[in-house]
Amino acid sequence: MGIVRTALAVTGWTTLGSTAGFLLWTRKSHIVDVPPTDYIFNHTLYSRYNPNNAPVTQDLCVRRVPLANIRPELLEKEGKLVEAFSAGLWGGLGYAYQRRFLEKKYRADPVTADHLWDKEQLKASTYEVGTKITDHFEVVAKSPESIIVRCGDSPRNKDVRESDGLFEMQAEIKKDEGVAEFGLKSVFYNGLAQPDNEGKPPAPPMSAWIQWLHAQYDKVLMETAISNCTR
1 MGIVRTALAV TGWTTLGSTA GFLLWTRKSH IVDVPPTDYI FNHTLYSRYN
51 PNNAPVTQDL CVRRVPLANI RPELLEKEGK LVEAFSAGLW GGLGYAYQRR
101 FLEKKYRADP VTADHLWDKE QLKASTYEVG TKITDHFEVV AKSPESIIVR
151 CGDSPRNKDV RESDGLFEMQ AEIKKDEGVA EFGLKSVFYN GLAQPDNEGK
201 PPAPPMSAWI QWLHAQYDKV LMETAISNCT R
């Protein structure tokens with residue numbers, strides 16, 4: 001997960017995480033654990049890509065927005081809100097450095113010609129299954145309230161891999177409560193990891209410090225994604 005560390009360090013999010021401005025900007029986003037009962041741990045994709053059930057590094061960033069603040073056209077048709085949320089995340093400022101970093105490394109390869117690279121492409125996409133994003137993410141599942149991408153390595157690597165994970169973007173309209181609830185769920189793992197000869201399980205893929213940094217990055221991505229959904 002070195003890309004997370006690099007993106008945070010170079011863009012300055014590591015410093016912003018302790019500033020008043022950053023805390024004020026992201027104050028409405030909350031980081032919680034993904035419960036062991038969450039459906040993603042029973043998902044076919046999770047079983048396929050983490051066959052040894054290796055330990056995970058996980059977090060869930062949650063943000064609620066009054067429906068009165070959501071662009072009305074996104075509430076008219078099922079699925080439009082999560083598409084706009086995803087488009088705002090990938091095409092927004094929060095992902096801009098990571099996008100440029102990956103672009104410099106991999107866009108010149110003709111094999112990645114069908115990937116989404118430009119901000120305009122990322123803002124316009126509806127993120128159907130099979131969509132590839134900057135040679136690092138691929139949409140592997142989509143529903144009216146959720147888009148899941150596989151992450152951690154190039155989509156060109158279809159096998160079980162050492163650096164892997166599932167990243168879910170959620171947007172649920174809760175009319176009874178008058179809010180839209182947005183979520184960014186991350187579950188990272190080493191798909192090749194196995195217990196040692198004594199049966200001791202492998203370590204999670206991220207240290208506590210990198211996990212904390214990733215949570216701050218989640219908050220940045222959340223704010224820039226929501227800005228594409230509000231009026």
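With the first letter of the sequence shown counted as 1, position 127 gets the number 127 in the UniProt record's numbering; the numbers rise by one all the way through. Glycine residues also receive a C-beta, built at the ideal position from the N, C-alpha and C atoms.
Q: Take N190 as the anchor and find which of T134, R71, N53 has the nearest alpha-carbon.
A: N53
(Q) Tell me the residue span of the beta strand (DSSP E) that contains H30. (A) 30-32
Q: Report buried or exposed for S146, applying the criterion of at least 16 other Cβ atoms within 10 angstroms of its Cβ.
A: buried
Q) Which of the three DSSP states, helix, strand or coil, is assigned to G130? A) coil
Q | Residue nearest to V139 in terms of C-alpha spacing, selected from L93, P205, H115 | A | H115
Q) L221 and L184 look like a contact to me (Cβ under 8 angstroms); what is the Cβ gap, rounded to whole Å? A) 6 angstroms
Q. Helix, strand or coil: which one does DSSP assign to Q216?
A. helix
Q: If I'm right that D59 touches D164 with Cβ under 8 angstroms, what's the distance once you round it to whole angstroms?
A: That pair is no contact at about 16 angstroms.
Q.
Please report the distance separating the alpha-carbon of K119 from that of G91.
A. 5 angstroms
Q. Just to confirm, are A141 and I133 a CB contact at a threshold of 7 angstroms?
A. no
Q) Terminal residues of the continuous beta strand (DSSP E) containing V56? A) 56-66
Q) Which residues does DSSP pair with Y189 in a beta bridge? A) V56, D164
**Q.** Alpha-carbon spacing of A87 relative to L81, whole angstroms
**A.** 10 angstroms
Q: List the endpoints of the continuous beta strand (DSSP E) containing V149.
A: 146-151
Q. Out of curiosity, what's the CA-to-CA distance linking L192 and E162?
A. 5 angstroms
Q: Using beta-carbon positions only, say whether L122 and T224 come within less than 7 angstroms of one another.
A: no
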